[in-house]
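**Student:** The following block contains the structure, expressed as structure tokens.
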Amino acid sequence: MSASTAIFTSVAANYLPKARVLARSCKRVAPEVRFVLMLVDDAPQDFRLEAEPFDAVMTLNDLGLENQTEWAFTHTVVELCTAVKGRAAKQLLAQPEVDRVFYFDPDMAVFGRFAELEQALSETSILLTPHQSEPETTHEAIMDNEMASLKHGVFNMGFVGIADTAEGQRFAAWWADRLTHFCLDDISRGLFTDQKWANLVPCFFDDYRVLRSPAFNVATWNITTRSVSGSLEDGITVNGEPLGFYHFSGFDSGDQAIMLQKYGANSATLKALRSWYIDACDENGQSAAGDYPYGYGTYENGNMIQPAERRLYRERVDLRRAFPNPFSDQPKGGFSHWYRMNMDSGAAASTLSLADDTPTRDALRLCSQWIRQRALRHGHSLKRWTLMGVARLLQILSRGAG
């Protein structure tokens, strides 16, 4: 089956070493699969496809995006790498030689049982893995893991399988549309990049399957209920089953090490897996590529683009019309200059000073945030008297209530 199977991952250039580790692990267990790299920014100058473990490279130019420059500007690197997944999957499914598509996050490694994934996807149209497949047994683990799933999504979209069926194509089209327009890291609005959208799959689609085997998508958020043992040389098992694939999520941020120490400190196998992954990334160019700058991370003058700037530009149609190239560093005609002149968000708040024990402190902060959000959304500059007036009103109400 592998000859008609495509695997892809999505990265910025600094994640190339991890993508290489993933690709090589896939090729070891399924040599005939077609592995496609979805690269969201520019490849390094020394990048040569013939020297890579990838069979092909896709870029933003291949996705048929309208207003591609401004669309890229509106996303952080994590948002952009996830926002392209639906369109890339849809493009791959449209290729006549492809019967099924798997997406793996770049910080994964496949150790075996790939034929089982292919077989599963020959029997269903959509293949998903949950963050947890068994209930936690302690309050601490519930807060760390189950509540995190409620916050970030029931399914871990570091893995998804899509078959070239009518239902699979319908899912890919729906997913691509939602991620094109609403792939944001915005928990307050119910979004966490591409992941929360998958919560709706059981509501909108019939032909899906949830892989509950403990051997697939093993990660720090589920090792409390999964006994990982064995060795890389003799084989690793999870609850007695051969390991399928492992997810090294949170590796660069340090979260993986922290949670592994918390929940897997007594597992020599988990420690060995982490050591293996560090060595594998180093062997695939981590020291050189790990510091590659994000291609859409700065304005043309080199100044960093802040998330608030991206968010404002995304939500304001008038700004997108006025500044079709938001990366421009024109001193008086660019978005960056406009933002500095109109959205100095710290000016008003810096004049306020409330004692730490003042009961209005939190309420004032909430009011300040509310006013700023309305200003960002509707295009009105913040006025010092507005925040000061709210502060004064809250102080009066506080004294009256006391």
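389 is the number that numbering that gives the first Met the number 0 gives to position 390 of the sequence shown; each next residue is one higher, with no gaps.
Beta carbons are placed, not taken as given, at the ideal position from N, Cα and C, and that holds for glycine.
(1) List the DSSP bridge partners of G333.
(2) Helix, strand or coil, according to DSSP, for E308 in the structure here?
(3) Helix or strand or just coil, what does DSSP make of L183?
(4) Under the rule that 16 or more other beta-carbon atoms within 10 Å means buried, what is G234, buried or exposed?
(5) Can you give me the Cβ contacts of A162 inside the same chain, cut-off strictly under 6 Å, excluding the 5 residues immediately before and after it?
(6) Can you check whether the CB of H246 is closer than 8 Å to the CB of F191?
(7) Is there a Cβ of chain B sitting closer than 8 Å to that of A175, yes or no?
(8) Sorted by chain position, which residues of the same chain lie with C-beta nearer than 6 Å to H379's C-beta, five sequence neighbours on each side aside?
(9) Quick one: what does DSSP say H226 is sitting in, helix, strand or coil?
(10) How should M303 be labelled, buried or exposed, when 16 other C-beta atoms within 10 angstroms of its C-beta is the threshold for buried?
(11) So, for P241: in the same chain, excluding its five sequence neighbours on each side, which residues have a beta-carbon less than 7 Å away from its beta-carbon?
(12) How is the alpha helix (DSSP H) around I277 delimited, first residue to last?
(13) Please say whether A12 and G333 have beta carbons closer to each other than 8 Å?
(14) Assign P330 to buried or exposed, taking buried as 16 or more other Cβ atoms, counted over all protein chains shown, within 10 Å of its Cβ.
(15) Per the DSSP calculation, P43 is bridged to which residue(s)?
(16) If you drop the 5 nearest sequence neighbours on each side, which residues of the same chain put their C-beta closer than 8 Å to that of L269?
(17) What did DSSP end up calling E31 once you bin it into helix, strand or coil?
(18) So is F7 buried or exposed if we call it buried at 16+ other beta carbons inside 10 Å?
(19) Quick check: G157 and N198, are their CB atoms within less than 8 Å of each other?
(20) Where do the ends of the alpha helix (DSSP H) carrying S286 lie?
(21) From the DSSP output, read off the bridge partner residues of T75.
(22) Please classify W384 as buried or exposed, where buried requires at least 16 other C-beta atoms within 10 Å of its C-beta.
(23) Let me make sure I understand the geometry here. Which of V316, E314, V39 and L231 has the alpha-carbon closest to that of S274?
(24) If contacts are defined as beta-carbon pairs under 8 Å, then F204 and F244 qualify, I think. What distance do you get, rounded to the angstrom?
(25) Exposed or buried, N144, counting other C-beta atoms within 10 Å across all chains shown (16 or more means buried)?
(26) Buried or exposed: where does A5 fall if 16 or more other Cβ atoms within 10 Å of its Cβ makes it buried?
(27) Note down the Cα distance separating G63 from N283, rounded to an integer number of angstroms.
(28) Using C-beta distances below 6 Å, list every residue in its chain close to D104, excluding the 5 sequence neighbours before and after it, in chain order.
(29) Quick check on the DSSP output: the alpha helix (DSSP H) that includes A147 runs from which residue to which?
(30) If I'm right that L210 touches V159 with Cβ under 8 Å, what's the distance once you round it to whole angstroms?
(31) Counting along the chain, where does the alpha helix (DSSP H) carrying A87 start and finish?
(32) Do Y291 and A108 have their beta-carbon atoms positioned less than 8 Å apart in this structure?
(33) Which whole runs of the alpha helix (DSSP H) in the stretch 156 to 225 are 4 residues long or more, in chain order?
(34) Count Cβ pairs between the stretch 54 to 73 and the stretch 82 to 99 that sit closer than 8 Å; are there 3 or more?
(35) Round the Cβ separation of G296 and V76 to the nearest angstrom and send it over; I've been treating them as touching at under 8 Å.
(36) Can you tell me whether P325 is buried or exposed, with buried defined as 16 or more other CB within 10 angstroms of its CB?
**Tutor:** With the given structure in hand:
(1) For the purposes of this step, residue 333 is taken as residue 334 along the sequence shown, with counting starting at 1. Bridge partners of G333: none, in fact.
(2) Taking the sequence shown and counting its residues from 1, one reaches residue 308 at position 309. Looking at E308 - three-state DSSP - the assignment turns out to be helix.
(3) Here the question's residue 183 lines up with position 184 in the sequence shown. DSSP places L183 in strand when its eight states are reduced to three.
(4) The residue given as residue 234 occupies position 235 in the sequence shown. Its Cβ having fewer than 16 others within 10 Å, G234 is exposed.
(5) Reading the sequence shown from its first residue, position 163 is the one you call residue 162. Once the five neighbours on either side are set aside, the close Cβ partners of A162 are R99, L120 and S124.
(6) Stepping through the sequence shown from its first residue, residue 191 is reached at position 192. Stepping through the sequence shown from its first residue, residue 246 is reached at position 247. No, the Cβ-Cβ distance between F191 and H246 is not below 8 Å.
(7) The structure shown contains no chain B; it holds only a single protein chain.
(8) Position 380 of the sequence shown, counting from 1, holds the residue named residue 379. Confidence is the limiting factor: at H379 the pLDDT is only 47, short of 50, which leaves the residue's position unreliable and the question unanswerable from this model.
(9) Numbered from its first residue, the sequence shown carries residue 226 at position 227. Just to set this straight, residue 226 is Ser in the shown sequence, not His. If DSSP states are grouped into helix, strand and coil, S226 belongs with coil.
(10) For this step, residue 303 is matched to residue 304 along the sequence shown. Exposed: under 16 other Cβ atoms inside 10 Å.
(11) Numbered from 1 along the sequence shown, position 242 holds the residue referred to as residue 241. Taken in chain order, the residues that qualify are G111, R112, A214 and G234.
(12) Reading the sequence shown from its first residue, position 278 is the one you call residue 277. Here the alpha helix (DSSP H) through I277 covers A267 to E282.
(13) Counting from 1 along the sequence shown, the entry for residue 333 is found at position 334. Counting from 1 along the sequence shown, the entry for residue 12 is found at position 13. Cβ atoms of G333 and A12: not closer than 8 Å.
(14) The residue given as residue 330 occupies position 331 in the sequence shown. Per the 10 Å Cβ criterion, exposed.
(15) One-based indexing of the sequence shown puts residue 43 at position 44. In the DSSP output, where bridge partners are listed per residue, P43 has none listed.
(16) Along the sequence shown, read from residue 1 onward, the residue named residue 269 stands at position 270. These residues qualify, in order along the chain: I222, V227, L259 and G263.
(17) For the purposes of this step, residue 31 is taken as the residue at position 32 of the sequence shown. Coil.
(18) Taking the sequence shown and counting its residues from 1, the one referred to as residue 7 is at position 8. Residue environment analysis places F7 among the buried positions, since at least 16 neighbouring C-beta atoms fall within 10 angstroms of its C-beta.
(19) Reading the sequence shown from its first residue, position 158 is the one you call residue 157. Reading the sequence shown from its first residue, position 199 is the one you call residue 198. Their beta carbons are not under 8 Å apart, which means G157 does not touch N198 by this criterion.
(20) In the sequence shown, residue 286 corresponds to position 287, counting from 1. Unbroken alpha helix (DSSP H) run through S286: Q285 to A288.
(21) The count along the sequence shown starts at 1 and reaches residue 75 at position 76. Answer is none; T75 lacks a bridge partner.
(22) Against the sequence shown, residue 384 aligns to sequence position 385. Residue placement at W384 is poorly supported in this model, since its pLDDT is 45, which falls under 50; the coordinates are not used for a value here.
(23) Counting from one through the sequence shown, the residue named residue 274 turns up at place 275. Per the Cα distances, L231.
(24) Reading the sequence shown from its first residue, position 205 is the one you call residue 204. Reading the sequence shown from its first residue, position 245 is the one you call residue 244. No, F204 and F244 are not in contact; Cβ-Cβ is about 23 Å, not under 8 Å.
(25) Here residue 144 is taken as the residue at index 145 of the sequence shown, counted from 1. N144 is buried by the Cβ-count criterion.
(26) Looking up residue 5 in the sequence shown gives position 6. Taking all protein chains shown into account, A5 has 16 or more neighbouring C-beta atoms within 10 Å of its C-beta and is therefore buried.
(27) For the purposes of this step, residue 63 is taken as residue 64 along the sequence shown, with counting starting at 1. For the purposes of this step, residue 283 is taken as residue 284 along the sequence shown, with counting starting at 1. G63 and N283: Cα-Cα distance of roughly 31 Å.
(28) In the sequence shown, the residue the question calls residue 104 occupies position 105. Excluding sequence neighbours, D104 sits near G157.
(29) The residue labelled residue 147 in the question sits at position 148 within the sequence shown. M146 to H151 is the extent of the alpha helix (DSSP H) around A147.
(30) Here the question's residue 210 lines up with position 211 in the sequence shown. Here the question's residue 159 lines up with position 160 in the sequence shown. Contact flag wrong, Cβ pair sits at about 10 Å.
(31) Along the sequence shown, one-based indexing puts residue 87 at 88. First-last of the alpha helix (DSSP H) with A87: K84 to L92.
(32) Translated into the one-based positions of the sequence shown, residue 108 becomes position 109. Translated into the one-based positions of the sequence shown, residue 291 becomes position 292. Against a cut-off of 8 Å, the Cβ pair of Y291 and A108 comes out as no contact.
(33) Segments of the alpha helix (DSSP H) lying fully in the stretch 156 to 225: 165 to 181 and 200 to 203.
(34) yes
(35) Here residue 296 refers to the residue found at position 297 when the sequence shown is read from its first residue. Here residue 76 refers to the residue found at position 77 when the sequence shown is read from its first residue. Contact between G296 and V76 holds: CB atoms are separated by about 7 Å, below the 8 Å threshold.
(36) If you number the sequence shown from 1, residue 325 lands on position 326. So P325 ends up on the buried side.
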